[in-house]
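What follows is a short report on a single structure.
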Amino acid sequence: LEKLRSARTEDELMRAASQLPADIIDRDALVVMTTAQSGVGKGVFYSATKNHIDNRLLELVCKHNKIICGDRSVQARSRDDMAKRSFLSVPFHVLGRDAGSLNLLSRPNEAFAPQQISLLEKIAACVGRELERIRLRERYLNTTDASELLSWRHFVIRANLLLKEANSKRVNLSLVRIAISNLAEIEDHAGVDVALATSRKIIRLVEQLKRQSGIACCLYGTHVLLLVEAAHAKGIVTRLRNLVGKLSISDVSDDPALQSVKLGDHALRGMHVSIAEFPEDGETIHELCSRARRLLENIREQSSRSSVLGTLFG
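Here it is as structure tokens:
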């Protein structure tokens, strides 16, 4: 799975998927097929065999192209195969649409066991997620300079799918909005490089804390949006505050002159968080973002008032 997640291009991803180790799933051949826009069976084939693609598997892929890229895995045994091998097709999807399939030919006189099919379905799901990441990054120019967070347009697409799924399953979601508002203060104490590095560090922490089922994006370089199940939202925020408070200047700079700067205190003081709940605070991602922004403005205003009162009255 790590090889799949580290793929930077579609070719790298398909090649990694086709090289599934035989000790994980023993088979005669494996072909990974992506679906072209014109229809099933028109995509590109990648083979796990060293020198060739098993002709029998290609024949089965073409013959059974109507069942490939469906909603579920399909295992079949062709009557005219003298070796009595089983053909298995496991689909993967991008944004809820058919995107391709893993197609395997078993060893002679064997069939794929339920636990093997379950494992292949998990691998196919990972292929689909990573293919989505790669395709939408290329489509929307989602750069990776600061992090692997989604672009705004990609985030909206994914968020709408998650909200639709949550609504059908009656699951509550939370949109967490995090603002890093005192980079200028950090710049005054430690310079521009440290301020920029601190911003990137906090964004990476959000990325690391984000649960696998959640999604996140960065706005304006100083705001992060995180959509997760409501049950996990407050725990993620608590862990993020703890980690930001522990930031050390040595994490971002080796300048001896800056070692007295209490980076964690500065960063935590300027980090504000609001949470909008789905469906109570909005039924679309835009409504949730607006609600979270208004809550964030109120929090900032209250924080500013507290700071002024603290200055006036000691």
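Mapping of the sequence shown onto our numbering: position 298 corresponds to residue 295, and the numbering continues sequentially without gaps.
For glycine and all other residues, C-beta sits at the position ideal for the given N, C-alpha and C.
Owing to the predicted nature of the structure, the values given are computational and were not obtained by experimental measurement.
The beta strand (DSSP E) that contains residue i, what's its start and end?
i: Val173; result: Leu170 to Ile177
i: Ala96; result: Arg94 to Leu102
i: Ala73; result: Val71 to Arg74
i: Leu27; result: Ala26 to Thr31
i: Leu216; result: Ile212 to Leu216
Can you give me the Cβ contacts of residue i inside the same chain, cut-off strictly under 8 Å, excluding the 5 residues immediately before and after it?
i: Val191; result: Ile183, Glu184, Ile246, Val249, Ser250, Leu255, Val258 and Leu260
i: Ser178; result: Thr219, Gly267, Met268, His269 and Arg297
i: Leu1; result: Leu10, Ala13, Ala14, Ile120, Cys123, Val124 and Glu127
i: Leu170; result: Leu159, Leu160, Ala163, Leu224, Val225, Glu226, Ala227, Glu274 and Phe275
At the level of alpha carbons, what is the spacing between residue i and residue j?
i: Leu172; j: Ser3; result: 27 Å
i: Ile200; j: Leu146; result: 8 Å
i: Gln113; j: Ala163; result: 29 Å
i: Ser98; j: Arg82; result: 19 Å
i: Lys161; j: Ala228; result: 18 Å
i: Leu292; j: Leu17; result: 48 Å
i: Leu138; j: Met79; result: The predicted model places Leu138 with a pLDDT of 44, which falls under 50 and marks its position as unreliable; any figure quoted below should be read in that light. Between Leu138 and Met79, the C-alpha separation is close to 50 Å.
i: Val385; j: Ile175; result: With the chain running from -2 to 311 in the structure shown, residue 385 is simply not present.
i: Arg288; j: Glu274; result: 9 Å
i: Val87; j: Asn295; result: 49 Å
i: Thr195; j: Glu284; result: 30 Å
i: Asp25; j: Arg94; result: 29 Å
i: Thr46; j: Ser15; result: For Thr46, the predicted structure reports a pLDDT of 49, less than 50, and the residue's modelled location is therefore unreliable. The matter cannot be settled from this model.
i: Glu9; j: Glu277; result: 42 Å
i: Met30; j: Leu117; result: 14 Å
i: Ala13; j: Ser300; result: 50 Å
i: Asp252; j: Leu101; result: 56 Å
i: Ser166; j: Pro105; result: Looking at the sequence shown, residue 166 is not Ser but Lys. Distance between the alpha carbons of Lys166 and Pro105: 42 Å.
i: Glu(-1); j: Phe84; result: 27 Å
i: Glu204; j: Ala213; result: 7 Å
i: Asp23; j: Ser103; result: 7 Å
i: Asp20; j: Gln72; result: 20 Å
i: Glu280; j: Phe109; result: 43 Å
i: Arg74; j: Glu107; result: 10 Å
i: His263; j: Ala96; result: 46 Å
i: Phe89; j: Gly211; result: 19 Å
For residue i, which residues of its own chain have a beta-carbon under 6 Å away from its beta-carbon, when the five flanking residues on both sides are left out?
i: Arg126; result: none
i: Glu7; result: Ile131
i: Ala143; result: Because the pLDDT at Ala143 is just 42, under 50, the model does not fix this residue reliably, and the point stays unresolved.
i: Ala156; result: Leu224 and Ile282
i: Thr141; result: Model confidence at Thr141 stands at a pLDDT of 40, short of 50, so the residue's coordinates are unreliable and nothing is read from them.
i: Ala187; result: Leu255 and Val258
i: Leu133; result: His151
i: Leu240; result: Leu202
i: Ile233; result: Leu206
Locate the alpha helix (DSSP H) running through residue i, then write down its first and last residues.
i: Asp262; result: Leu260 to Arg266
i: Met79; result: Here Met79 belongs to no alpha helix (DSSP H), and DSSP marks it neither H nor E.
i: Ile199; result: Val189 to Leu206
i: Ser15; result: Glu7 to Ser15
i: Arg2; result: Glu(-1) to Arg2
Kindly list the residues whose CB is nearer than 7 Å to the CB of residue i, restricted to its own chain and excluding five residues on each side of it in sequence; keep chain order.
i: Gly242; result: Gly261 and Leu265
i: Leu92; result: Glu129, Ile154 and Leu158
i: Arg5; result: none
i: Arg69; result: none
i: Ser271; result: Arg174, Ala289, Leu292, Leu293 and Ile296
Can you pull the DSSP bridge partners for residue i?
i: Ser86; result: Val71 and Asn100
i: His151; result: His151 pairs with nothing; no bridge assigned.
i: Leu222; result: Arg174 and Cys214
i: Val91; result: Arg94
Could you name each continuous alpha helix (DSSP H) segment of 4 residues or more that falls completely within the stretch 225 to 282, going from the start of the chain to the end? 227 to 242 and 260 to 266
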